[in-house]
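Have a look at the structure below before the remarks.
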Amino acid sequence: MNQPRPHQPQRPPHPPLRAVIADDQALVRTGFGMILAADGIEVTAEAADGAEAVAAVRRTRPDVVLMDIRMPGMDGIEATRRILADDAPEAGRTRVVILTTYDLDHYVYAALTAGACGFLLKDVTPEHLVASVRLVQSGDALLAPAITRRLIERFAHRQEPARAPARHADLSGLTPRELEVLRLMATGLSNAELAERLFLSPTTVKTHVGRILSKLELRDRVQAVVLAYETGLIAPGTEP
Numbered sequence: 199m200n201q202p203r204p205h206q207p208q209r210p211p212h213p214p215l216r217a218v219i220a221d222d223q224a225l226v227r228t229g230f231g232m233i234l235a236a237d238g239i240e241v242t243a244e245a246a247d248g249a250e251a252v253a254a255v256r257r258t259r260p261d262v263v264l265m266d267i268r269m270p271g272m273d274g275i276e277a278t279r280r281i282l283a284d285d286a287p288e289a290g291r292t293r294v295v296i297l298t299t300y301d302l303d304h305y306v307y308a309a310l311t312a313g314a315c316g317f318l319l320k321d322v323t324p325e326h327l328v329a330s331v332r333l334v335q336s337g338d339a340l341l342a343p344a345i346t347r348r349l350i351e352r353f354a355h356r357q358e359p360a361r362a363p364a365r366h367a368d369l370s371g372l373t374p375r376e377l378e379v380l381r382l383m384a385t386g387l388s389n390a391e392l393a394e395r396l397f398l399s400p401t402t403v404k405t406h407v408g409r410i411l412s413k414l415e416l417r418d419r420v421q422a423v424v425l426a427y428e429t430g431l432i433a434p435g436t437e438p
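In the working numbering, the protein residues as written are 199 to 438.
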């Protein structure tokens, strides 16, 4: 006689990924919203300018914001700055992805220094849009290392210096190995390339990168690369 199986409590389903779309073009908001919704991503709000975006994020606390840069009134850079200044770790971090029309738009660098974790061109494919939103929500940065380097080298010394907190200017808390990893990261090397260069395992490199971000209180490797240039740890044109 078969014995009844003990009741197995069901695990609660993971809450759906939640996003806010901020763009002054209604067609862009609608199109992106339909693409995300079709993949099970909840669009909690839409915004036509920066002020609306800040209010929407404060109200709905999304995982990801797709943020246009050029909007009337408050632009996407200032909105990004305010959203991330509000961010409370206990409430879950909101990640901001910049939407731009042109590759390497000079506004993108300012947005990255404000805390954005990457950028997307507005002609992105639906598949890439969805994959990108899920990628940044998981904690990764949405810029390949080489693209990060190219972007920052082009604009880092043409913009007003980023007003980062004073603690970020002090790299003395990093070990010699961590400084070496940060310097090589800023030349555009990926984690796999870092591992090969330094004769370390990929897991060890990932640990070093995580410690660098933690010590410098940075969100992702994009901010770490920005910081390496802003503090003079590496100069434009430095080869890996």
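Idealized CB from N, CA, C, for every residue including glycine. From a predicted model like this one, the values you see are computed outputs, not experimental measurements.
Exercise for review: Alpha carbon to alpha carbon, how far is Leu-310 from Gly-430? Give it in angstroms, no decimals.
Suggested key: Within the sequence shown, residue 430 is the residue found at index 232, counting from 1. Within the sequence shown, residue 310 is the residue found at index 112, counting from 1. In a straight line, the C-alpha of Gly-430 is about 17 Å away from that of Leu-310.
Point to revise | Three-state secondary structure (DSSP) of Ile-410 | key: The residue you call residue 410 lines up with position 212 of the sequence shown. If DSSP states are grouped into helix, strand and coil, Ile-410 belongs with the helices.
Practice item. Spell out whether any CB of chain D is found under 8 Å from the CB atom of Pro-324. Key: The structure shown has no chain D; it contains just one protein chain.
Point to revise | Inter-residue Cα distance where the pair is Ala-253 and Leu-398 | key: The count along the sequence shown starts at 1 and reaches residue 253 at position 55. The count along the sequence shown starts at 1 and reaches residue 398 at position 200. Spanning the two alpha carbons is a distance of roughly 45 Å.
Point to revise | Environment of Arg-419 [buried if 16+ CB atoms lie within 10 Å] | key: Locating residue 419 in the sequence shown gives position 221, where the first residue counts as 1. Classification for Arg-419: buried.
Practice item. Note down, in chain order, each residue of its chain lying with its Cβ closer than 8 Å to the Cβ of Thr-258, except the 5 sequence neighbours on either side. Key: Your numbering for residue 258 matches position 60 in the sequence shown. Result list for Thr-258: Arg-216, Val-218, Thr-242 and Ala-243, in chain order.
Check your understanding: Thinking C-beta only, is Ile-267 closer than 8 Å to Leu-327?
Key -> The residue labelled residue 327 in the question sits at position 129 within the sequence shown. The residue labelled residue 267 in the question sits at position 69 within the sequence shown. No, the Cβ-Cβ distance between Leu-327 and Ile-267 is not below 8 Å.
Exercise for review: Please name the residue in Asp-222, Ala-235, Asp-261 and Gly-238 whose C-alpha comes closest to that of Glu-250.
Suggested key: Counting from 1 along the sequence shown, the entry for residue 250 is found at position 52. The option with the nearest alpha carbon to Glu-250 is Asp-222.
Check your understanding: Out of Thr-292, Gly-271, Ile-350 and Leu-264, which has the shortest C-alpha to C-alpha gap to Phe-317?
Key -> What you label residue 317 is simply residue 119 of the sequence shown in a count that begins at 1. Measuring from the Cα of Phe-317, the nearest candidate turns out to be Leu-264.
**Study point:** Alpha-carbon spacing of Leu-369 relative to Ala-422, whole angstroms
**Key:** Position 171 of the sequence shown, counted from the first residue, corresponds to residue 369. Position 224 of the sequence shown, counted from the first residue, corresponds to residue 422. Approximately 11 Å, taken between the alpha carbons.
Check your understanding: Would you report the Cα separation of Gly-408 and Ile-281, rounded to the nearest angstrom?
Key -> Residue mapping note: residue 408 aligns to position 210 of the sequence shown, counting from 1. Residue mapping note: residue 281 aligns to position 83 of the sequence shown, counting from 1. Distance between the alpha carbons of Gly-408 and Ile-281 is about 23 Å.
Check your understanding: Could you give the distance in angstroms between the alpha-carbon of Pro-214 and the alpha-carbon of Asp-261?
Key -> Within the sequence shown, the letter at position 16 stands for residue 214. Within the sequence shown, the letter at position 63 stands for residue 261. The alpha-carbon atoms of Pro-214 and Asp-261 are separated by roughly 10 Å.
**Study point:** Where Glu-358 sits in the DSSP three-state scheme
**Key:** Start at 1 with the first residue of the sequence shown, and residue 358 comes out as number 160. Per-residue confidence for Glu-358 stands at a pLDDT of 49, beneath the threshold of 50, marking its modelled position as unreliable; the derived number appears in the next sentence. Note: Glu-358 maps to coil in three-state DSSP.
Check your understanding: Would a C-beta distance cut-off of 8 Å place Gly-313 and Arg-279 closer than the cut-off?
Key -> Position 115 of the sequence shown holds residue 313. Position 81 of the sequence shown holds residue 279. Result yes, Cβ atoms of Gly-313 and Arg-279 sit closer than 8 Å.
Practice item. Tell whether a beta-carbon distance below 8 Å holds between Leu-349 and Val-306. Key: Counted from its first residue, the sequence shown places residue 349 at position 151. Counted from its first residue, the sequence shown places residue 306 at position 108. Yes, the Cβ-Cβ distance between Leu-349 and Val-306 is below 8 Å.
Check your understanding: Does DSSP classify Leu-297 as helix, strand or coil?
Key -> For this step, residue 297 is matched to residue 99 along the sequence shown. Leu-297: strand per DSSP, three-state reduction.
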